[in-house]
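Here the sequence shown stands for residues 76 to 203, where the numbers follow this note's numbering. Just so you know, even glycine gets a beta-carbon here, dropped at the ideal spot from N, CA and C. These numbers come from a predicted model, not from an experiment.
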Amino acid sequence: MAVKKHGFSVGIDRDGNTLCLSLCIKGRLVHEDYQLLTSLLDNAVAGLDHPRINVLMDMTELEGWEMRAAWDDLKLGLQYGQQFQRIAMVGNRRWQQVAAKLASWFIGGEAQFFEQQAPALEWLNQRV
């Protein structure tokens, strides 16, 4: 019997008005995941003037989104889109690469797909 993994871990580091968000996602994202993530992000940017957000997203174990969660993802992008500076998506599937390109349409910054974490971190740490 195979065990289905689901969930995500979140790390948030703050340096002045810049947030570095790290996500590791497993399984299929659901609406409740976005409720939690949105709450964490709302609290992290509270009180910041002109916050900037960089994201490292490990999607190597991501299987997709339920329909409502896909809608939540779009809303999150629209809500914080201008604050996202760079989103580095690390994955191993073709559809994840396409998702990274789509993400760049909804944010003010850049989104890029990587197959390995080291080049993703290097790209995130470059001066914009």
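Ignore the nearest five residues each way along the sequence and tell me which others in residue 115's own chain have a CB closer than 8 Å to its CB.
Working through the sequence shown from its first residue, we reach residue 115 at position 40. Cβ neighbours of residue 115 beyond the five flanking positions: 85, 87.
Cα separation between residue 106 and residue 81?
In the sequence shown, counting from the first residue as 1, residue 106 sits at position 31. In the sequence shown, counting from the first residue as 1, residue 81 sits at position 6. Their backbone Cα atoms lie some 13 Å apart in a straight line.
Residue 186: buried (16+ other C-beta within 10 angstroms of its C-beta) or exposed?
Here residue 186 is taken as the residue at index 111 of the sequence shown, counted from 1. Counting Cβ neighbours within 10 Å, residue 186 comes out buried, since at least 16 surround it.
Distance between beta carbons of residue 152 and residue 182, contact taken as under 8 Å
As a first step, residue 182 is located in the sequence shown; it is residue number 107 there, counting from the start. As a first step, residue 152 is located in the sequence shown; it is residue number 77 there, counting from the start. Confirmed, Cβ separation roughly 6 Å.
Collapsed DSSP secondary structure at residue 101 in the structure displayed:
On the sequence shown, position 26 is the one that residue 101 refers to. Correct three-state label for residue 101: strand.
Can we say the segment 137-146 touches the segment 120-127, given the rule of at least three CB pairs closer than 8 Å?
no
If you reduce the DSSP assignment to three classes, tell me which class residue 91 lands in.
Start at 1 with the first residue of the sequence shown, and residue 91 comes out as number 16. Coil, per DSSP.
Beta carbon of residue 131, beta carbon of residue 199: below 8 Å?
If you number the sequence shown from 1, residue 131 lands on position 56. If you number the sequence shown from 1, residue 199 lands on position 124. Yes, the Cβ-Cβ distance between residue 131 and residue 199 is below 8 Å.
Closest by CA to residue 169, which one among 111, 189, 154?
Position 94 of the sequence shown, counted from the first residue, corresponds to residue 169. Closest by alpha carbon: 189.
Considering Cα atoms alone, identify which of 135, 133, 95, 158 is closest to residue 126.
Here residue 126 refers to the residue found at position 51 when the sequence shown is read from its first residue. Residue 126 has its Cα closest to that of 158, out of 135, 133, 95, 158.
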